[in-house]
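Chains as they are written, first to last, in this note's numbering: chain R, 3 to 151; chain B, 6 to 414.
For each residue, glycine too, the CB sits at the ideal point set by N, CA and C.
Inspection log for the structure reproduced underneath, given as structure tokens.
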Amino acid sequence: MSKKVLNQVLSLLGVLVFIPGLLEVLFSITGRTYQWTFVAFNGNFMLWRGVILLSAGMVYVLAITKTDSIQKRSHAVLASLLIWIVAGMEVLAMVLGSIPGEAGRWITTAEGFVSSYQQPLIPSLLLLPLTVGLVILISIAGQNREEGG
Amino acid sequence: MTFDTDRRWELVDRLSEETIHYGADETSIKSTLAELTVKPITGIPFAIAVLYGFWSFFGSFAGFFTDGFFVPLFDQHWLPWLQKVFPWEGSWLYFLLVGDPAAGNSFEAFGILTSGLFVSIGVVLPAIVAFYTIITLLEDSGYMPRLAVLVDTLLHKIGLHGFAVVPMILSLGCNVPGVAATRTLETKKQRFMMMTLLSIFIPCGAQLGVMLSLIPEYVGYIMLYLLAGFFLFGWILDKIVPGRSPEIMTDVPPFRLPTVDNVGRKLMVKVKGFITTAIPFVLLGVGIVNLLYLAGIISWLADFLEPVFTVWFGIPKETVAPLISGFLRKDLAVAQLSAIDMSGFQLITSVVIISIYFPCIATFAMIIKEGRRSGGILKVLGGSVLTLGTVVFLWGGLLHLIGTLLGVS
Numbered sequence: 003m004s005k006k007v008l009n010q011v012l013s014l015l016g017v018l019v020f021i022p023g024l025l026e027v028l029f030s031i032t033g034r035t036y037q038w039t040f041v042a043f044n045g046n047f048m049l050w051r052g053v054i055l056l057s058a059g060m061v062y063v064l065a066i067t068k069t070d071s072i073q074k075r076s077h078a079v080l081a082s083l084l085i086w087i088v089a090g091m092e093v094l095a096m097v098l099g100s101i102p103g104e105a106g107r108w109i110t111t112a113e114g115f116v117s118s119y120q121q122p123l124i125p126s127l128l129l130l131p132l133t134v135g136l137v138i139l140i141s142i143a144g145q146n147r148e149e150g151g
Numbered sequence: 006m007t008f009d010t011d012r013r014w015e016l017v018d019r020l021s022e023e024t025i026h027y028g029a030d031e032t033s034i035k036s037t038l039a040e041l042t043v044k045p046i047t048g049i050p051f052a053i054a055v056l057y058g059f060w061s062f063f064g065s066f067a068g069f070f071t072d073g074f075f076v077p078l079f080d081q082h083w084l085p086w087l088q089k090v091f092p093w094e095g096s097w098l099y100f101l102l103v104g105d106p107a108a109g110n111s112f113e114a115f116g117i118l119t120s121g122l123f124v125s126i127g128v129v130l131p132a133i134v135a136f137y138t139i140i141t142l143l144e145d146s147g148y149m150p151r152l153a154v155l156v157d158t159l160l161h162k163i164g165l166h167g168f169a170v171v172p173m174i175l176s177l178g179c180n181v182p183g184v185a186a187t188r189t190l191e192t193k194k195q196r197f198m199m200m201t202l203l204s205i206f207i208p209c210g211a212q213l214g215v216m217l218s219l220i221p222e223y224v225g226y227i228m229l230y231l232l233a234g235f236f237l238f239g240w241i242l243d244k245i246v247p248g249r250s251p252e253i254m255t256d257v258p259p260f261r262l263p264t265v266d267n268v269g270r271k272l273m274v275k276v277k278g279f280i281t282t283a284i285p286f287v288l289l290g291v292g293i294v295n296l297l298y299l300a301g302i303i304s305w306l307a308d309f310l311e312p313v314f315t316v317w318f319g320i321p322k323e324t325v326a327p328l329i330s331g332f333l334r335k336d337l338a339v340a341q342l343s344a345i346d347m348s349g350f351q352l353i354t355s356v357v358i359i360s361i362y363f364p365c366i367a368t369f370a371m372i373i374k375e376g377r378r379s380g381g382i383l384k385v386l387g388g389s390v391l392t393l394g395t396v397v398f399l400w401g402g403l404l405h406l407i408g409t410l411l412g413v414s
């Protein structure tokens, strides 16, 4: 992957991460929540999730300014790690929240289990595939570079 | 078998040949990532994300066991069964072991076999397992020294250095190992300051677990107020306590992937320690408070201290009972608050006062033990007690004042 293409990908991701981060911060400061088909701005620690997304967006942009290839890629991986922590914790909360049952049942029903996953997701979860894709691309580019000497 | 000097050097050479590899140091993404986590511009967002992960895991894991399984087990099965089959309702033994016969949940029953077991096993144990899992992962991954480097500048403002973050984080699990870890600090001044600040301002994991279960919406405010106190009183102590606060040099190890074996083993040791020491203390705490209730001592103390509680701190006089059990277990004391009728702000103030008013008995014993090597028991204990007395009145009173000015007290 050329430096130019990587910069374009990082700019796009930077904006895609920064905007929902800003929205999460603004919603939590104003005490509002928002839900639209598959995306939700609500839940516990929304302010912190927003701050982390904002920071990740800034680190992607910071990566663009780096001329050294390793520095550029490391910044991109770090920004992705920030999103993975938030998304990973959300996945864990969803999985653990989907198991216990209600109204006298120890374990939830199959319908209850499935329905707990059929709800709008927080922005970090929606961004997860994109950031995983970026890190895979960076890793492949790094391997190609090593093989090419 | 003994070796002469030449033979020893020969062995050293052979060992070093097998273990040390020479070559040009190649910068990799892994090593650059390790550097980025100690640079403020990238390290602070990463630290915030780690902290977020920490709290989120804590809430999800402890919530899964406590709300998902232990609350139904204790409230729907254990408590009603015990209330039904335990004989001598109305007797002192019933009050001691089962508690309030009309209680609808295990938090409010306050008997040794109801609240005592529920708090220690149903609430605190999952919280402790979650906390120590994260702490062990942070230790084994090599992130702790990076956090120490990152907060070094901040902690220097109160006469400490970055490694003081280790006792701070350990104290978030339990104040006892936190106080023990202060022996890694360089001077008597630093050790005294850290012991005092930890025992006053850092709530333990058990207490945090109960707080997150009972009053999740207020935990953030409470932690913020306690941290503000930690730094303000740390700065004051730095100015008035004589002694040195030297710089340190530290080695930052590379990031490593924690192994399941190591994490599991450490976790087992820590959890076993909790089960054998903390659970008996919780049961004992409930028993002692119930005996004091039966003897009328709690009511007498509540009446005696009413002016201080209601006028100065703005909290109900009934808070005296949780304060007494707080000397045995802070988690138990916070759990007890749920049974007292008070406003949200009064609840915040009560939890803050329970946190800062006196260390639990185990921490108190550890301060006495560590005080010997940090300037003498009397000096350290006297200084700590004087500081916490001042802090309770000033910091607790200030919170009441803030509430009054905001019109929420």
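Classification of B:Phe1 by the beta-carbon crowding that lies within 10 angstroms, buried from 16 upward: Within the shown structure, residues of chain B are numbered from 6 to 414, placing residue 1 of chain B beyond reach of any answer.
Could you please tell me which residues of the segment 43-60 of chain B, in chain order, have their CB closer than 9 Å to any CB of chain R? Ile46, Thr47, Ile49, Pro50, Phe51, Ile53, Ala54, Val55, Leu56, Tyr57, Gly58 and Trp60
Using a C-beta to C-beta distance shorter than 7 Å, which residues of chain R count as neighbours of B:Leu38? Ser76, Val79 and Leu80
Tell me whether the segment 62-73 of chain R and the segment 7-24 of chain R touch, counting them as touching only if at least three CB pairs, one residue from each stretch, are closer than 8 Å. yes
For the alpha helix (DSSP H) that contains R:Leu81, what are its first and last residues? It is Ala, not Leu, that sits at residue 81 of chain R in the sequence shown. That run of the alpha helix (DSSP H) goes Ser71 to Gly99.
Output the boundary residues of the beta strand (DSSP E) element that contains R:Trp38. Tyr36 to Trp38
Closest to B:Ile302 by CA distance: which of B:Ile329, B:Val276, B:Ala153 and B:Ala283 is it? B:Ile329
When DSSP labels each residue in this structure, what does B:Phe51 get in the three-state scheme? helix
Opening and closing residue of the beta strand (DSSP E) in which R:Val41 lies: Val41 to Phe43
Selection of the segment 52-72 of chain R by Cβ proximity to chain B, strictly under 9 Å: Val53, Ile54, Leu56, Ser57, Ala58, Met60, Val61, Leu64, Asp70 and Ile72
Members of the segment 58-78 of chain B near chain R, C-beta cut-off 8 Å: Gly58, Trp60, Ser61, Phe62, Gly64, Ser65, Phe66, Gly68, Phe69, Asp72, Gly73, Phe74 and Pro77
C-alpha distance - B:Leu310 paired with B:Thr395, whole-angstrom precision: 17 Å
Output, in sequence order along the chain, the residues in the segment 81-95 of chain R whose CB is closer than 7 Å to any CB in chain B. Leu84, Ile87, Val88, Met91, Leu94 and Ala95
Just tell me which of B:Val325, B:Val170 and B:Glu22 has its CA closest to the CA of B:Gly183. B:Val170
Who are B:Leu262's beta bridge partners in DSSP? B:Leu262 pairs with nothing; no bridge assigned.
So, is B:Ser21 buried or exposed, given that buried needs 16 or more other C-beta atoms within 10 angstroms? exposed
Step through the CB atoms of chain B and report whether any lies within less than 9 Å of the CB of R:Met140. A small fix is needed here, since residue 140 of chain R is Ile in this sequence, not Met. Judged by the 9 Å Cβ criterion, R:Ile140 is in contact with chain B.
C-beta neighbour in chain R for B:Thr24, strict 9 Å: no
Would you say R:Phe47 lies against chain B (beta-carbon separation less than 9 Å)? yes
Unbroken alpha helix (DSSP H) run spanning B:Ser111, endpoints: Ser111 to Ala114
Going by C-alpha to C-alpha distance, which of B:Ala39, B:Val156 and B:Arg188 sits closest to B:Glu375? B:Arg188
Would B:Thr32 count as contacting chain R if we go by Cβ distances under 9 Å? yes
Counting only the same chain and skipping the five closest in sequence on each side, list residues whose C-beta sits under 6 Å from that of B:Ile133. Gly210 and Phe279
At a Cβ threshold of 9 Å, is R:Pro102 touching chain B? yes
Looking at the strands, I want to know which residues DSSP matches up with R:Ile109. R:Pro102
Could you tell me whether the segment 60-77 of chain B touches the segment 85-99 of chain R, where touching means 3 or more Cβ pairs closer than 8 Å? yes
Say whether the segment 254-263 of chain B touches the segment 108-125 of chain B, bearing in mind that this needs 3 or more beta-carbon pairs closer than 8 Å, one atom from each stretch. no
Would you check if the distance between the CB atom of B:Pro208 and the CB atom of B:Lys322 is smaller than 9 Å? no
Within 10 angstroms of its Cβ, does B:Asn295 collect 16 or more other Cβ (buried), or is it exposed? buried
Alpha-carbon to alpha-carbon, R:Ser76 and B:Ile126: 43 Å
So with CB distances below 7 Å, who are the chain B contacts of R:Leu25? Per Cβ cutoff of 7 Å: no residues; R:Leu25 is ~17 Å from chain B at best.
Exposed unless 16 or more other CB atoms sit within 10 angstroms - verdict on B:Gly349: exposed
Taking CB distances under 9 Å as the criterion, tell me whether B:Leu288 reaches chain R. no
Please list, in chain order, the residues of the segment 330-343 of chain B that have any C-beta partner in chain R closer than 7 Å. none
Beta-carbon spacing of B:Thr42, B:Ala52 below 9 Å: yes
Please confirm whether R:Ser128 has its beta-carbon closer than 9 Å to some beta-carbon of chain B. The sequence given here has Leu at residue 128 of chain R, not Ser. So, not an interface residue.
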